[in-house]
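Take a look at the structure set out below.
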Amino acid sequence: MSASKHSQPSATGDDIGDPALQQLLSTDRGELLDIIDELRNSLSKYKNELDISLPRIVVCGDQSSGKSSVIEAICQRPFPKGPGVCTLFPTELKLRRGASPSVEASIKPAESRTTDQTKTLSSWRPKPNVEQSFESIIQEAMEFLKKVTERPDDSLSYFEDHLQIELTHTSLPPLTLVDLPGIIHAHREHKQGPEDVQRVQQLVQKYLDDKDSIILPVISADIDQESHAILTMIKKADEHGQRTLGIITKPDRSLQTARRELYLRCARNEERKLELGWHVVKNQETGDKPLKLEDRDKEESEFFATGVWKDQLNSNQLGIDALRTRLSELLDERSRPALGKISKTLKTALQNCRDERDKIGDPRSTPTQQRTFLINLSQRFQQLAKEAVEGPYKDKSFFEKVEERGDGDTDHKRLGAAKKNLNDDFATEMRTRGHEREFLDDTGSGSEDGQKEQNPQVIRREEYITNEIERQMRRDRLEVQPGLANQWIISDVFREQSKRWGSIATQHIEDVRAVAEKTLVSIANHITTKETAIALSRHLIHPELDRREEKAKAMLSQVLQPYRRTQLITLDDEFLKEVGKGSIQGVPQRYISDNASEDEDQSSDEDQSSDEDQSSDEVSSNSSFILDYVLGYYKVAMRTFMDNVANLVIEQCLFDDLTDIFMPNNISKMDDDLLDKLASESDEQQKTRKNLTVRERTLKKALEVCGLSSYQVPGSKS
1 MSASKHSQPS ATGDDIGDPA LQQLLSTDRG ELLDIIDELR NSLSKYKNEL
51 DISLPRIVVC GDQSSGKSSV IEAICQRPFP KGPGVCTLFP TELKLRRGAS
101 PSVEASIKPA ESRTTDQTKT LSSWRPKPNV EQSFESIIQE AMEFLKKVTE
151 RPDDSLSYFE DHLQIELTHT SLPPLTLVDL PGIIHAHREH KQGPEDVQRV
201 QQLVQKYLDD KDSIILPVIS ADIDQESHAI LTMIKKADEH GQRTLGIITK
251 PDRSLQTARR ELYLRCARNE ERKLELGWHV VKNQETGDKP LKLEDRDKEE
301 SEFFATGVWK DQLNSNQLGI DALRTRLSEL LDERSRPALG KISKTLKTAL
351 QNCRDERDKI GDPRSTPTQQ RTFLINLSQR FQQLAKEAVE GPYKDKSFFE
401 KVEERGDGDT DHKRLGAAKK NLNDDFATEM RTRGHEREFL DDTGSGSEDG
451 QKEQNPQVIR REEYITNEIE RQMRRDRLEV QPGLANQWII SDVFREQSKR
501 WGSIATQHIE DVRAVAEKTL VSIANHITTK ETAIALSRHL IHPELDRREE
551 KAKAMLSQVL QPYRRTQLIT LDDEFLKEVG KGSIQGVPQR YISDNASEDE
601 DQSSDEDQSS DEDQSSDEVS SNSSFILDYV LGYYKVAMRT FMDNVANLVI
651 EQCLFDDLTD IFMPNNISKM DDDLLDKLAS ESDEQQKTRK NLTVRERTLK
701 KALEVCGLSS YQVPGSKS
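In case it helps, UniProt numbering puts the sequence shown at residues 1 to 718.
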């Protein structure tokens, strides 16, 4: 674009930014960046936390590379430049659109400043007029910084503080340009120290590493490319050049043919390739009498109208006019996707903020307020507890959310299913390891896993009969009436075979209690703050589950009691038929229920008659039948025992009315002491509520800025 087609305004008066700066953005783009700019201001506190991207232009380069001249040309306002002039701190230039032209400046103190220095620097508010140059504002800020930090007037040490200049004008599009201090190659004697070299590199690198920055590295064509330290730093921050637009200055001073050819290759993106490419601008001669900015643009256009730069490069790579257009396109490309992502991020953040705010609830300093809070909380708790126990698991925000400090498992939240799985595990444990001994017959068949820890002891059937049952039969028949000894022996053998039942069932109770506790605590953490959830766990959930566990273990003792008596009773038809048919022979009638058939009674009477006068040979015979009887009865009793544990112990004692553990009806009956323990809040929580309220207001406003003022989170209060 030539000067004749688009003349440039002067840097003073009401013509500021018109039309040169308007060239940066169309009306739509200006409106878009207005939104981005307002979001940057309102969300600056939450920027890192929300992971939002707000594009800005960062101009950087080695000292005397001409970067200040580039900013001056872009903004159409004089910047300090020339031999011996260098920027000692980052200068953030904020261009804003407003009804009345104005200029404001402030200093953002570095974190390393003392409290007094921070207060003094923050209070600096010069009153520049619209016609005042940036150069005078920057100079005034530098003098003030040196005074506050007690540095000599001629000191060239760098400041970590930031100068912010905000220029407002009716026709000014929003744009943020950051002028960074130039990279130092060698410190100046007495005025700069080695630490200044490192400090400025760290400061510049921090800006370059910011993924939101559109980087404009400025290199001058009058020195070798290898001399530009900024190129190495750019490579580190943006390896593939995805957000870097290279700027080559002083093309008129590249007098050596070889050097000029290298810069031309660079401009053609054949060397030091950048995805955004390269641009060439001609700086105003610093030794000449300063030109008006529109004259500077005209002189540049004339330079690029002829010569090797024109011949080898596209016109959209040459001159400040084309650079403004390119920056406009870049800002548009970066801002529109950013705005879409920001909108989604803000929706999620607002929902999360409201969820956290709902967890805290309203202020509650009185018993009435505390009861109201707990009633609302208990309704939510009861609803989730009922879903957890009975299903279906509708609340995905709870049942599918992995807890931050958890192990990634959400199965425990489906408490009903978890209980059934534990019951299955209990049944498997009873079947595989509930018996004390595993018997091998003469052929050696049977389980071979008895050597494993906690597995049943493997023993040969005949060995056990001879060493245990027969020995006891011979011993006990001398002490009691004939026949009665068998009853005791059967009971003793059964008690020994089933002695693991109690410990297995006790462990099952504790496992179910643990998963129930984990579920209920998870519900508490989901519906309220950590502070209140801890109080609910400590004063309500844990005590109630302790009571239920104690009740369950007492019930287990009752369930086990029938299997610890001398006489073992069963009404199992199949078992009784087996005994009656002689499948289990030699067992006296007294071991069989009176409900057995008459045929079974006759058979047993005959056995009883022979038993009364058993001989030594009969001891051996009956001992085998005793073991058969015990093993047959064991199967029947184990099934009954497992059912009783599942129904009477787990279901009746642990799970009965578990969803009512924290219910609204109980809140009104609570004494004030328990009420205060559950519902009181600390100063920290009150502060959190206040911060969340401010955060919610900020996020809601940000969404309105994004054009989503009608957005409402489902189920939330406006």
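C-beta atoms are modelled at their ideal positions from N, C-alpha and C, and glycine is treated no differently.
Bear in mind the structure is a predicted one, so any value in this text is a computation, not a measurement.
Straight-line gap, residue i to residue j (C-alpha atoms, nearest Å)
i    : j    : result
Q472 : I489 : 7 angstroms
E550 : V559 : 14 angstroms
A417 : R334 : 49 angstroms
A702 : T519 : 37 angstroms
L318 : R296 : 14 angstroms
N647 : Q507 : 16 angstroms
N376 : C653 : 27 angstroms
L627 : V493 : 8 angstroms
N283 : L339 : 35 angstroms
E257 : L264 : One detail in the question is off: residue 257 reads as Thr in this sequence, not Glu. So the alpha carbons of these two residues sit roughly 10 angstroms apart.
K127 : P181 : 25 angstroms
E299 : E239 : 35 angstroms
E448 : T428 : With a pLDDT of only 46 at E448, under the threshold of 50, the placement of this residue in the model should not be trusted; the figure read from the coordinates follows. Whole-angstrom Cα-Cα distance: 18 angstroms.
P367 : L675 : 7 angstroms
T529 : Q351 : 16 angstroms
D222 : K250 : 7 angstroms
R336 : S100 : 28 angstroms
S68  : D62  : 11 angstroms
T424 : V512 : Here residue 424 turns out to be Asp, not Thr, going by the sequence shown. Looking at the two C-alpha atoms, the distance is approximately 12 angstroms.
T149 : S343 : 43 angstroms
F159 : P90  : 8 angstroms
L167 : S64  : 26 angstroms
K700 : S42  : 11 angstroms
Y629 : D546 : 40 angstroms
S491 : I509 : 26 angstroms
R516 : T115 : First, the residue type needs correcting, since residue 516 is Ala and not Arg in the sequence shown. So the alpha carbons of these two residues sit roughly 52 angstroms apart.
S537 : Q685 : 18 angstroms
V705 : P194 : 46 angstroms
Those residues which DSSP pairs with residue i across a bridge
i           : result
C60         : P217
residue 720 : The first residue shown for the chain is 1 and the last is 718, placing residue 720 beyond what the model contains.
residue 766 : Outside the modelled stretch of the chain, which goes from 1 to 718, sits residue 766, for which no answer is possible.
F439        : I459
T91         : L163, D179
R96         : T168
L654        : According to DSSP, L654 bridges with nothing at all.
L318        : V280
Cβ-based burial, residue i [other Cβ within 10 Å; buried from 16]
i    : result
L255 : exposed
D179 : buried
L658 : buried
G66  : buried
I569 : exposed
R321 : In the sequence as presented, Arg is not what sits at residue 321; that position holds Asp. Buried, by the Cβ-count rule.
P456 : buried
I552 : The residue asked about is misnamed: residue 552 is Ala in this sequence, not Ile. That one is buried.
H435 : buried
L323 : buried
N486 : buried
Q202 : exposed
R125 : exposed
R565 : exposed
N644 : buried
L576 : buried
Closer than 7 angstroms: residue i CB and nearest the ligand ADP heavy atom
i    : result
D673 : In terms of ligand content, the structure shown is empty, and the ligand ADP therefore cannot be addressed.
Quick one: any contact between the region 663–671 and the region 352–359, if contact means 3 or more CB pairs under 8 angstroms? no
May I ask you to verify whether the region 130–146 touches the region 108–116, counting CB pairs closer than 8 angstroms and requiring at least 3? no
Would you call the region 496–503 and the region 362–380 touching, i.e. three or more CB-CB distances under 8 angstroms? no
Would you call the region 203–223 and the region 111–121 touching, i.e. three or more CB-CB distances under 8 angstroms? no
Using 8 angstroms as the Cβ pair cut-off and three pairs as the minimum, do the region 55–67 and the region 215–225 touch? yes
Do the region 267–284 and the region 235–250 touch if we need at least three Cβ pairs shorter than 8 angstroms? yes
Should the region 376–387 be called in touch with the region 526–546, which here means at least 3 C-beta pairs below 8 angstroms? yes
Extract the residue ranges of the alpha helix (DSSP H) inside the UniProt domain "GED" (623–714), only unbroken runs of 4 or more that lie entirely within it. 664–667, 672–679, 683–705
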